[in-house]
Amino acid sequence: MFSFPRLVLFQINLTTKSLTVELTRFFNRIDYNIEENSYTKQSYSEARMKMKHEAYIELNEDLVREYYTGDVYKKYKGYRLIAIDGSRIGLPNKEELVREFGLAENKGKSVPMAMSSTAYDVLNNIAINSYLERYETSERELAERHISKIKGLTGDETKDILIMDRGYPSMYLFAKMIVNGFDFVVRCNASGFLNEVKEVEKNNMTDSIIEIDLTAERWKYKQGIQELTGTGGIKSIKLRLVRIILETGTTEYIITSVLDKAITVEDFKEIYHLRWNEEVYFNCLKNIIEVENFSGRTPETIRQDYYARVLSGNISSLIIEEAQEEIDKETSGKPNQKYAKYKINKSVAIGILKDEVIEMLLAPKDISEKMYQVMVKTIKKHKIPIIPGRSFERKLKIGNRFFLKRRKVI
3 MFSFPRLVLF QINLTTKSLT VELTRFFNRI DYNIEENSYT KQSYSEARMK MKHEAYIELN
63 EDLVREYYTG DVYKKYKGYR LIAIDGSRIG LPNKEELVRE FGLAENKGKS VPMAMSSTAY
123 DVLNNIAINS YLERYETSER ELAERHISKI KGLTGDETKD ILIMDRGYPS MYLFAKMIVN
183 GFDFVVRCNA SGFLNEVKEV EKNNMTDSII EIDLTAERWK YKQGIQELTG TGGIKSIKLR
243 LVRIILETGT TEYIITSVLD KAITVEDFKE IYHLRWNEEV YFNCLKNIIE VENFSGRTPE
303 TIRQDYYARV LSGNISSLII EEAQEEIDKE TSGKPNQKYA KYKINKSVAI GILKDEVIEM
363 LLAPKDISEK MYQVMVKTIK KHKIPIIPGR SFERKLKIGN RFFLKRRKVI
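Heads up: the sequence shown runs through residues 3 to 412, numbered per my numbering.
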């Protein structure tokens, strides 16, 4: 009944309604001859207990490796741009989950919570790899794990810039990124750990390069530094300190390893702004894909649900991105349009792709290719205008009516 392929397909099909409803819809789609009493909630629960969540991690890794095979993805002046960031994931209120993942304070109450972290290609909208860990796990620790993993998934032929926010700066992390073949763009506070940034602020400097001696007293005893500076290791690093002014008038400070002056201050401003695409991804993951709408109540089934939805999000993104590129070509330079640019309505698109993707994956290759094109053509019809200058806060307050509307679309 629940073979491995069927179990995988069911779990990546965004089960947001009751389990009975989802099972009925799924098997009516894939097997008209199956008896109704053979796909019960109990049989599903028993089947998933025999599965490990690592299956979804490996499937996503296969997808990512295949995606980066060749050289046909988007880059910024020769660089692939990868943002690393974390997000809190709310969990069902079960004691076993509290023991596994921990608690967070929310409005004076302790609630079960996990910490997720994602390395996200902000130009191609692909989640390269993700982690779901205890709530107390530091974002820097998870960033280190991403740094050790990314090149094995994406290949080391392309130059990468890792983009991080101001919770990440540390000299060890900077050195580790350089040792592992990454450049980086990291926002920092003017009053942060690096005195040289204070000098940039004090002297109103815009763009300067400094060299840090990692064997100096101020650094050599910092955690992790010695393992990088040992025999044959890195002894110093050059950093570029950049001051950028946002549209709001706010001054931000960037630390980067990109020393090439062909990458200008304006480029860094744009690169850092592109980090926002990962914020959009987290919003989609939580409010459209509904990653916190767990069907399981144990640590293993929670991880299954989480990593299955990361994989599902990537599959949907590939189709949506193709539709978006076609819209861009069709609308580019047309003078009589009401708006200059349009984007796919992701809520509608993902709702349309539910069930359809499963049928496509089960179909013979020639039919599945036709189904793919039909899906692209269908979701292209659901576009919304891009309003210049519009921005959103990350912590969105979603009203129930919008939440219910999204569920209905899916």
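Cβ coordinates follow ideal geometry from the N, Cα and C atoms, glycine included.
Item, Value
"Alpha carbon of Ile388 to alpha carbon of Lys345, nearest angstrom", "6 Å"
"Val293 (DSSP reduced to helix, strand or coil)", "coil"
"Extent of the continuous alpha helix (DSSP H) run through Ser118", "Run containing Ser118: none in the alpha helix (DSSP H); it sits in the beta strand (DSSP E), Lys111 to Asp123."
"Whole-number beta carbon distance between Ser318 and Arg355, since they are thought to touch under 8 Å", "Checking the sequence, you will find Leu at residue 355 rather than Arg. Sure, about 5 Å apart at Cβ, within 8 Å."
"Cβ-Cβ separation, Met115 to Tyr137 (assumed contact under 8 Å), whole Å", "4 Å"
"Uninterrupted beta strand (DSSP E) stretches inside the region 54–93 (no shorter than 3 residues)", "81–92"
"DSSP three-state assignment for Asn131, whether helix, strand or coil", "strand"
"Burial state of Lys397, where buried means 16 or more other Cβ atoms lie within 10 Å", "For Lys397, the predicted structure reports a pLDDT of 37, less than 50, and the residue's modelled location is therefore unreliable. The matter cannot be settled from this model."
"DSSP three-state assignment for Phe6, whether helix, strand or coil", "helix"
"Separation of Lys348 from Met362, as counted between CA atoms", "19 Å"
"Cβ-based burial, Leu175 [other Cβ within 10 Å; buried from 16]", "buried"
"Whether Met243 touches Val188 by CB criterion (8 Å)", "In the sequence as displayed, the identity of residue 243 is Leu instead of Met. Not a contact, by the Cβ cut-off of 8 Å."
"4 or more residues per run - each alpha helix (DSSP H) lying fully within the region 140–215", "141–156, 173–181 and 197–204"
"Alpha helix (DSSP H) segment containing Pro301, residue limits", "Pro301 to Thr333"
"Anticipated Cβ contact below 8 Å, Leu11 with Ile236, distance rounded", "With a Cβ gap of about 46 Å, Leu11 and Ile236 do not count as contacting."
"Straight-line Cα distance separating Lys77 from Glu68", "17 Å"
"Nearest-angstrom Cα separation, counted from Lys240 out to Tyr308", "39 Å"
"Cα-Cα separation between Val74 and Glu323, rounded to whole angstroms", "13 Å"
"CB contact flag (Val202, Arg168, <8 Å)", "no"
"Sequence-distant residues of the same chain with beta carbon closer than 6 Å to Arg299, five excluded per side", "Pro94 and Lys96"
"Cα-Cα separation, Ala264 to Lys79", "9 Å"
"Pair within 8 Å by beta-carbon distance, Tyr58 and Leu21", "no"
"Residue span of the alpha helix (DSSP H) that contains Leu261, given as start and end", "Where Leu261 is concerned, there is no enclosing alpha helix (DSSP H), given that its DSSP letter is neither H nor E."
"Where Met51 falls, given that 16 or more other Cβ within 10 Å makes a residue buried", "exposed"
"Sub-8 Å separation of Leu105 and Val113 beta-carbons", "yes"
"Identity of the residue in Leu83, Pro337, Met373 and Asn289 nearest Lys161 by Cα", "Leu83"
"Contact set for Lys222: own chain, Cβ-Cβ below 8 Å, skip 5 residues either direction", "Leu216, Gln228 and Thr231"
"Sheet register partners of Lys367 (DSSP bridge)", "DSSP output for Lys367 lists no bridge partner at all."
"Contacts around Phe103, its chain only, beta-carbon distance under 7 Å, and the 5 residues preceding and following it disregarded", "Leu93, Pro114, Met115, Ala116, Arg136 and Tyr137"
"Reduced DSSP secondary structure (H/G/I, E/B, other) of Glu107", "strand"
"Exposure label - Pro337; buried when at least 16 CB within 10 Å", "exposed"
"Contacts around Leu406, its chain only, beta-carbon distance under 6 Å, and the 5 residues preceding and following it disregarded", "The pLDDT assigned to Leu406 is 36, lower than 50, so where the model puts this residue is not dependable; a value taken from the coordinates is nonetheless given after this. Closer than 6 Å at the Cβ level, and outside the excluded window around Leu406, lies no residue."
"Backbone secondary structure at Lys385 - three-state DSSP", "strand"
"Same chain only: Cβ atoms within 6 Å of Gly401, ignoring 5 sequence neighbours per side", "Residue confidence is low: Gly401 scores 39 on pLDDT, short of 50, so the model does not pin down where it sits. Its coordinate-derived value is still stated next. Counting only Cβ-Cβ distances below 6 Å, and skipping sequence neighbours, we find nothing."
"Check whether Ile130 and Val66 have beta carbons under 8 Å apart", "yes"
"Simplified DSSP assignment, three categories, for Glu97", "helix"
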